[in-house]
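Count the sequence shown with the numbering used here and you get residues 377 to 447, in order. Where is the CB? At the ideal position from N, CA and C, for every residue including glycine.
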Amino acid sequence: GLHGVGVSCVNALSKWLRLTVRRDGQVNLIEFAKGEVQNRIIETVTGPDGQPVEVSPMKVIGATDKRGTEV
Numbered sequence: 377g378l379h380g381v382g383v384s385c386v387n388a389l390s391k392w393l394r395l396t397v398r399r400d401g402q403v404n405l406i407e408f409a410k411g412e413v414q415n416r417i418i419e420t421v422t423g424p425d426g427q428p429v430e431v432s433p434m435k436v437i438g439a440t441d442k443r444g445t446e447v
């Protein structure tokens, strides 16, 4: 997104998150576990640009049957 709020929310609610950005001949990889940086790699490569995201959501605690229905 424009300000990075979306991936910040996903990161906060995930066991782990791995984000890979390919741009201008470089690959930037950053990995998080429970919101903390675990690994950061920058390398030069050839290939198409793109932004794959891999994520493992945390387990939900408590009842979910009425979540998102409140106004």
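{"Check": "Neighbourhood of Cys385 by C-beta, 8 Å cutoff - its chain only, sequence neighbours within 5 removed", "Outcome": "none"}
{"Check": "For Lys391, the first and last residue of its enclosing beta strand (DSSP E)", "Outcome": "Ser390 to Arg399"}
{"Check": "In DSSP terms, what Asn415 is bridged to", "Outcome": "Glu407"}
{"Check": "Ile418 versus Ser390: straight-line alpha-carbon distance, rounded", "Outcome": "23 Å"}
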